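Structure record follows, encoded as structure tokens.
In our numbering, the protein residues as written are 62 to 259.
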């Protein structure tokens, strides 16, 4: 059983990861808990590149003494050629959810309903001593609504509508969202890879 440092200080994210990866990592901690205060420059052009950059930076800061997991996630809108993509959190220039949602709605104002398809994407990288980095990608498909709905979640959740559930991500309970979310799917793939001995 190894120690696992998550390249994040998000308590919800760490709790979710801890539950799913418990058979392999009994001691799961945040960067802060590991005594790290890093300013990591995420200058990759893909989710894969940024996830690997974060994982390697933390792994090197810890001098390769334990496993590190990092994720990079965002929204990819088909009608916008994949934008906002890796710039999702700062699409409107800063980490401002309301401004980001407003900019997205404006960008799609003339796009018909049938062409407002999108995917939430999450790429997770696991770096371990004496192993090749393990990368997995999870996606959750939906459409971008014309107005915000729901009070749960964060980011683009109030605009990301799931047709088969007739709800936005912000209208789902935590359990409902985790069952179909991009991060939940990526973690399930990571667990499957670990079960197969990778």
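Think of the CB as a built atom: it goes at the ideal place given N, C-alpha and C, for glycine as much as any other residue. Predicted, not measured: the structure shown is a model, and the values here were computed from it.
One Cα belongs to residue 81, the other to residue 245, and the distance between them is close to 9 Å.
Residue 193 counts as exposed, since fewer than 16 other beta carbons sit within 10 angstroms of its beta carbon. The stretch 183-192 and the stretch 113-120 touch, with three or more beta-carbon pairs separated by less than 8 Å. The C-alpha of residue 177 is placed about 32 Å away from the C-alpha of residue 72. Contact between residue 95 and residue 139 is ruled out by a C-beta separation of about 38 Å, above the 8 Å threshold. Its Cα nearest to that of residue 109, the residue 135 stands out among 135, 100, 127. Per DSSP, the unbroken beta strand (DSSP E) holding residue 64 starts and ends at 63-67. Note on geometry: alpha-carbon atoms of residue 100 and residue 92 lie some 11 Å from one another. Linking residue 90 to residue 116 through their CA atoms gives a straight-line distance of about 14 Å. In the DSSP assignment, the residues bridged to residue 91 are 67. Per DSSP, the beta bridge partners of residue 131 are 186. Your pair residue 232 and residue 213 checks out as a contact, with CB atoms roughly 7 Å apart and the cut at 8 Å.
Here residue 170 is exposed: its Cβ has fewer than 16 other Cβ atoms, across all protein chains shown, within 10 Å. Residue 128 is not a Cβ neighbour of residue 196, given a cutoff of 8 Å.
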